[in-house]
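Trainee: Each residue of the sequence shown is one higher than the one before, starting from 17 at the first, in the numbering used here.
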Amino acid sequence: MDNMVDVLRIAAAGIGGIVTYIWGPWDALIIALVAMVVIDYITGVIKAAVQGKLSSLVGFKGLLKKVAIFLLVAVGVMVDRVIPATNEAVRSAVIFFYIANEGLSILENAGELGLPLPAALKKSLEKMQDKEEKPDIDSDTDIEQ
Numbered sequence: 017m018d019n020m021v022d023v024l025r026i027a028a029a030g031i032g033g034i035v036t037y038i039w040g041p042w043d044a045l046i047i048a049l050v051a052m053v054v055i056d057y058i059t060g061v062i063k064a065a066v067q068g069k070l071s072s073l074v075g076f077k078g079l080l081k082k083v084a085i086f087l088l089v090a091v092g093v094m095v096d097r098v099i100p101a102t103n104e105a106v107r108s109a110v111i112f113f114y115i116a117n118e119g120l121s122i123l124e125n126a127g128e129l130g131l132p133l134p135a136a137l138k139k140s141l142e143k144m145q146d147k148e149e150k151p152d153i154d155s156d157t158d159i160e161q
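1. Under a three-way DSSP split, which group does Glu104 fall into?
2. With distances taken between CB atoms, is the gap from Val83 to Ile38 smaller than 8 Å?
3. With a threshold of 7 Å on Cβ separation, who are the neighbours of Val66 within its own chain once the five nearest residues in sequence on each side are excluded?
4. How far does the alpha helix (DSSP H) with Trp39 in it extend, from its first residue to its last?
5. Taking the alpha carbon of Ile115 as the point to measure from, which residue in Glu104, Ile85, Ala126 has its own alpha carbon closest?
6. Cβ atoms of Asp96 and Val89: under 8 Å apart, would you say?
7. Report the residue from Val50, Thr59, Leu120, Pro100 whose alpha carbon sits nearest the alpha carbon of Gln145.
8. Any idea what DSSP makes of Ile122, helix, strand or coil?
9. Cutting at 6 Å between CB atoms, please list the residues of its own chain near Lys139, excluding the five before and the five after it.
10. Just reading off the alpha helix (DSSP H) that Leu129 is part of, what are its end residues?
11. For the alpha helix (DSSP H) that contains Leu70, what are its first and last residues?
12. Using only alpha-carbon positions, find the residue among Asp56, Leu45, Leu123, Val54 that is nearest to Val110.
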C-alpha cells in the first residue's frame with residue numbers, strides 16, 4: 017500500500033511540475049482566472065436554461081473557448097521565458113485581460129437573469145479590461161529585431 021501512495025505522490029508532483037511549466041506559478045492571478053472561467057461558464061449555462069436555450073453544442077463551443085483562454089496564457093508564459101526581462105508581465109497581462117473579460121461576461125449573464133449589477137464591480141472590471149498593461153522589459157536588454 018505504501019508503494020501505491022508513493023506512486024500517487026510522484027505522479028502528483030510530476031503533474032504539478034508540468035502544469036507549472038505550462039501556465040506558470042499557481043498564484044492569485046491564475047486562481048482568479050480559473051474561478052472566473054468556471055463562474056462564467058456556470059452563469060452562462062444558468063442563463064441559457066432560464067431562457068430555454070440550453071444546447072449541448074453551444075455548451076461544448078463555450079468549453080472550447082475556455083480551453084483557448086488557457087492556451088493563450090501558456091503562450092504568454094512562453095513569451096516571458098524567451099524574453100526574461102519581462103518578469104512574467106506578458107502572462108500577467110493576458111490573465112488580467114481574461115479576468116476582466118470573464119468578469120464582464122458574468123455581469124452580463126447576471127443582468128440578463130434580472131439581477132441588479134454592482135456598479136463598483138462593473139467599473140473595476142471595465143478598468144481592468146481597458147488598462148493596457150505593457151510588458152516590463154528592461155530598456156538595457158539587447159533584443160535583436
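We put the CB at the ideal spot given by N, CA and C, even for glycine.
Mentor: Let me spell this out:
1. In the structure shown, Glu104 adopts coil according to DSSP, grouped into three states.
2. No; because the gap between Cβ atoms is not below 8 Å, this pair is not in contact.
3. Here the set comprises Leu129.
4. Bounds of the alpha helix (DSSP H) holding Trp39 are 18 to 39.
5. When only C-alpha atoms are compared, the closest one is Ile85.
6. No.
7. Ranking Val50, Thr59, Leu120, Pro100 by Cα distance to Gln145 puts Leu120 first.
8. DSSP places Ile122 in the helix class (H, G or I) of the three-state scheme.
9. A distance below 6 Å between beta-carbons, with the five flanking residues on each side excluded, links Lys139 to no residue of its chain.
10. For Leu129, there is no enclosing alpha helix (DSSP H), as DSSP gives it neither H nor E.
11. It is not in any alpha helix (DSSP H) - Leu70 carries neither H nor E in the DSSP assignment.
12. If we check each option's Cα against that of Val110, Leu45 comes out closest.
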